[in-house]
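K.L.:
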Amino acid sequence: ARAGQGVGAAVLAPATLTILTSVFPEGPRRTRAITVWTAVSLAGGTAGNLIGGALTEYLSWRSILLINVPIGLACLAAAHLLPPGPDRRGGRRLDVLGAALATGGLGALAYGLSGAPVVAFGGLVLLGLFALVEARVARAPLIPPSLLRARPIWLGNVAMLLAGACLNPMWYFLTLSLQNVLGYGPLQTGLAFLPHTLLTMLVGLRLTPWLMRRTDDRVLIAAGALIGAAGFWWQSGIAPGQDYLTAIGGPAVLISLGGGLLNTPLTVTVTSGVAPADAGAASGLMNTAKQIGGALGLAALVTATGGREIGYGQAFTAIAVMLTAVALLATALPKRRDASVAGTPTTR
Numbered sequence: 058a059r060a061g062q063g064v065g066a067a068v069l070a071p072a073t074l075t076i077l078t079s080v081f082p083e084g085p086r087r088t089r090a091i092t093v094w095t096a097v098s099l100a101g102g103t104a105g106n107l108i109g110g111a112l113t114e115y116l117s118w119r120s121i122l123l124i125n126v127p128i129g130l131a132c133l134a135a136a137h138l139l140p141p142g143p144d145r146r147g148g149r150r151l152d153v154l155g156a157a158l159a160t161g162g163l164g165a166l167a168y169g170l171s172g173a174p175v176v177a178f179g180g181l182v183l184l185g186l187f188a189l190v191e192a193r194v195a196r197a198p199l200i201p202p203s204l205l206r207a208r209p210i211w212l213g214n215v216a217m218l219l220a221g222a223c224l225n226p227m228w229y230f231l232t233l234s235l236q237n238v239l240g241y242g243p244l245q246t247g248l249a250f251l252p253h254t255l256l257t258m259l260v261g262l263r264l265t266p267w268l269m270r271r272t273d274d275r276v277l278i279a280a281g282a283l284i285g286a287a288g289f290w291w292q293s294g295i296a297p298g299q300d301y302l303t304a305i306g307g308p309a310v311l312i313s314l315g316g317g318l319l320n321t322p323l324t325v326t327v328t329s330g331v332a333p334a335d336a337g338a339a340s341g342l343m344n345t346a347k348q349i350g351g352a353l354g355l356a357a358l359v360t361a362t363g364g365r366e367i368g369y370g371q372a373f374t375a376i377a378v379m380l381t382a383v384a385l386l387a388t389a390l391p392k393r394r395d396a397s398v399a400g401t402p403t404t405r
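If you're matching positions, the sequence shown starts at 58 in my numbering and goes up one per residue.
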């Protein structure tokens with residue numbers, strides 16, 4: 058069941074972003090579309106904690122796994138309202154061997170980080186074989202070489218991987234902190250995430266677009282990462298008996314502000330200057346980097362902290378360090394150049 062959910066998410070997320078990058082040429086309209094896409098995506102994740110808390114409190118934890126069914130059916134029914142995508146007939150074939158090696162390698166690495174070093178080493182071997190096959194054997198590589206040669210694409214995706222390793226595990230450790238340190242119940246825990254939801258929407262839909270028209274994307278990415286890092290440093294001090302503002306509210310303001318400033322310009326960076334034929338690959342690469350970062354980051358942090366309450370603060374500290382690294386990577390990104398029509402990847 059979880060594998061099926063993963064396959065569905067792997068298809069859905071890149072497809073929605075590909076539609077945007079295909080319909081809107083590079084420029085202000087695409088930036089606005091990506092802004093809305095990013096804000097809704099982030100707010101959806103935070104709202105899920107609120108809804109999940111209510112369902113767990115009044116029904117059962119199993120109900121949170123069923124909530125996706127009506128949402129999925131509604132999306133399926135509304136899919137015909139979307140504009141048609143580009144004609145893919147006669148396009149590239151699927152690199153089955155490369156996909157199998159990448160999936161097996163990443164899965165083994167994530168599992169190995171949870172306490173099985175031999176499995177982790179096997180995952181690294183499979184990923185090495187994947188790189189070899191893609192470079193020497195594959196006739197239609199999963200990742201077009203032109204994308205990997207573009208500095209904004211590969212450097213931006215490294216930053217996206219680190220951002221995923223920071224923001225995705227946050228929900229896990231923050232939920233445990235609320236329940237095991239502060240003693241919140243499921244509904245209280247869900248309500249505690251409300252500031253994250255509201256601030257993420259406000260920053261993503263209002264503040265970030267306004268700043269992107271006036272500020273270099275690299276500055277916003279670096280500033281967002283550093284503000285988020287400050288929020289996680291604050292969050293690392295969570296302790297029993299603290300009031301809501303000190304334990305959750307204050308850090309939530311910084312974390313949501315930082316995440317809202319960071320995600321949209323970073324998404325725009327890694328999807329700009331891409332040829333129309335590679336739009337799907339660029340979107341898939343970005344979502345893959347984010348999800349891989351989240352999976353590997355969570356596995357590594359859970360193992361490092363040992364699942365102990367005393368380790369929650371250490372996890373938030375590690376996240377702050379990784380976000381600081383994202384800020385440093387942002388300084389190495391080239392300046393984005395808007396174009397009226399998407400062309401070849403910008404490498405300057």
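Cβ coordinates follow ideal geometry from the N, Cα and C atoms, glycine included. Just so we're clear, the structure is a prediction, and the values are computed from it rather than from any experiment.
So residue 176 is in the alpha helix (DSSP H); what residue range does that whole segment cover?
P.N.:
Taken as a continuous stretch (DSSP letters only), the alpha helix (DSSP H) holding residue 176 covers 174 to 189.
K.L.:
State the CB to CB distance for the pair residue 351 and residue 225, rounded to an integer number of angstroms; the pair is presumed to be in contact (CB under 8 angstroms).
P.N.:
That pair is a contact at about 3 angstroms.
K.L.:
Write down the C-beta distance between residue 346 and residue 278 rounded to the nearest angstrom, noting that I regard them as a contact closer than 8 angstroms.
P.N.:
Actually they are not in contact, since the Cβ atoms of residue 346 and residue 278 sit about 15 angstroms apart, beyond 8 angstroms.
K.L.:
Buried or exposed for residue 329, please, with buried defined as at least 16 other CB atoms from any protein chain shown within 10 angstroms of its CB.
P.N.:
Its Cβ being crowded by 16 or more others within 10 Å, residue 329 is buried.
K.L.:
Is residue 249 closer than 8 angstroms to residue 235 when the C-beta atoms are compared?
P.N.:
Yes, the pair counts as a contact, with Cβ atoms nearer than the cut-off.
K.L.:
Does the segment 299 to 317 come into contact with the segment 281 to 291, if we say contact requires no fewer than three beta-carbon pairs (one atom in each stretch) closer than 8 angstroms?
P.N.:
They touch, by the three-pair rule.
K.L.:
Taking only runs that begin and end inside the segment 219 to 263, name each unbroken alpha helix (DSSP H) of 4 or more residues, in chain order.
P.N.:
The qualifying runs are 243 to 249 and 251 to 259.
K.L.:
Span of the alpha helix (DSSP H) holding residue 292?
P.N.:
That run of the alpha helix (DSSP H) goes 274 to 292.
K.L.:
Quick one: is residue 223 buried, meaning 16 or more other Cβ sit within 10 Å of its Cβ, or exposed?
P.N.:
Flag for residue 223 reads buried.
K.L.:
Would you kindly work out how many angstroms separate the C-alpha atoms of residue 399 and residue 177, rounded to a whole number?
P.N.:
Unreliable placement is indicated for residue 399, whose pLDDT of 35 sits below 50; no coordinate value is reported for it.
K.L.:
Going by beta carbon distance, what residues of the same chain come within less than 8 angstroms of residue 114, once the five residues before and after it are set aside?
P.N.:
Counting only Cβ-Cβ distances below 8 angstroms, and skipping sequence neighbours, we find 242, 243, 244 and 247.
K.L.:
Leaving out five residues before and five after residue 109 in sequence, what residues of the same chain have Cβ atoms less than 7 angstroms from its Cβ?
P.N.:
Result list for residue 109: 121 and 247, in chain order.
K.L.:
Skipping 5 residues on each side, what residues in its chain have a beta carbon closer than 7 angstroms to that of residue 379?
P.N.:
So the list reads 219, 222 and 223, once near-sequence residues are dropped.
K.L.:
Could you spell out the range, first to last residue, of the alpha helix (DSSP H) harbouring residue 158?
P.N.:
153 to 170 is the span of the alpha helix (DSSP H), which, as asked, contains residue 158.
K.L.:
Could you tell me the alpha carbon to alpha carbon distance between residue 385 and residue 326, rounded to whole angstroms?
P.N.:
Rounded to whole angstroms, residue 385 to residue 326 spans 16 angstroms at the Cα level.
K.L.:
At what residues does the alpha helix (DSSP H) containing residue 299 begin and finish?
P.N.:
Note, residue 299: premise wrong, no alpha helix (DSSP H); not H, not E.
K.L.:
Are at least three pairs of beta-carbons, each pair with one atom in the segment 83 to 99 and one in the segment 317 to 324, less than 8 angstroms apart?
P.N.:
The segment 83 to 99, when compared against the segment 317 to 324, does touch it at the 8 angstroms Cβ threshold.
K.L.:
Which residues mark the beginning and the end of the alpha helix (DSSP H) in which residue 331 is found?
P.N.:
No alpha helix (DSSP H) holds residue 331; DSSP gives it neither H nor E.
K.L.:
Express the C-alpha separation of residue 162 and residue 198 in angstroms, rounding to a whole number.
P.N.:
When rounded, the distance between both Cα atoms is 16 angstroms.
K.L.:
Could you give the distance in angstroms between the alpha-carbon of residue 138 and the alpha-carbon of residue 272?
P.N.:
Straight-line Cα distance between these residues: approximately 35 angstroms.
K.L.:
Would you kindly check if the distance between the Cβ of residue 158 and the Cβ of residue 126 is under 8 angstroms?
P.N.:
Their beta carbons are not under 8 angstroms apart, which means residue 126 does not touch residue 158 by this criterion.
K.L.:
Would you identify the three-state DSSP class for residue 391, choosing helix, strand or coil?
P.N.:
Residue 391: coil per DSSP, three-state reduction.
K.L.:
Helix, strand or coil: how does DSSP classify residue 372 here?
P.N.:
Looking at residue 372 - three-state DSSP - the assignment turns out to be helix.
K.L.:
So the alpha helix (DSSP H) residue 121 belongs to, where does it begin and stop?
P.N.:
Its alpha helix (DSSP H) spans residues 120 to 123.
K.L.:
Can you tell me which of the three DSSP states residue 208 falls into?
P.N.:
In this structure, residue 208 counts as helix in the three-state DSSP scheme.
K.L.:
Determine whether the beta carbon atoms of residue 204 and residue 390 lie at a separation below 8 angstroms.
P.N.:
Cβ distance not < 8 angstroms, so residue 204 and residue 390 don't count as in contact.
K.L.:
Below 7 angstroms CB to CB, which residues in the same chain sit around residue 233 once its five sequence neighbours on both sides are set aside?
P.N.:
Excluding sequence neighbours, residue 233 sits near 369.
K.L.:
Thinking just about the alpha-carbon of each residue, which of 293, 260, 265 and 167 is nearest to the one in residue 181?
P.N.:
That would be 167, whose Cα lies nearest to the Cα of residue 181.
K.L.:
Does DSSP put residue 295 in a helix, in a strand, or in coil?
P.N.:
It is coil, neither helix nor strand.
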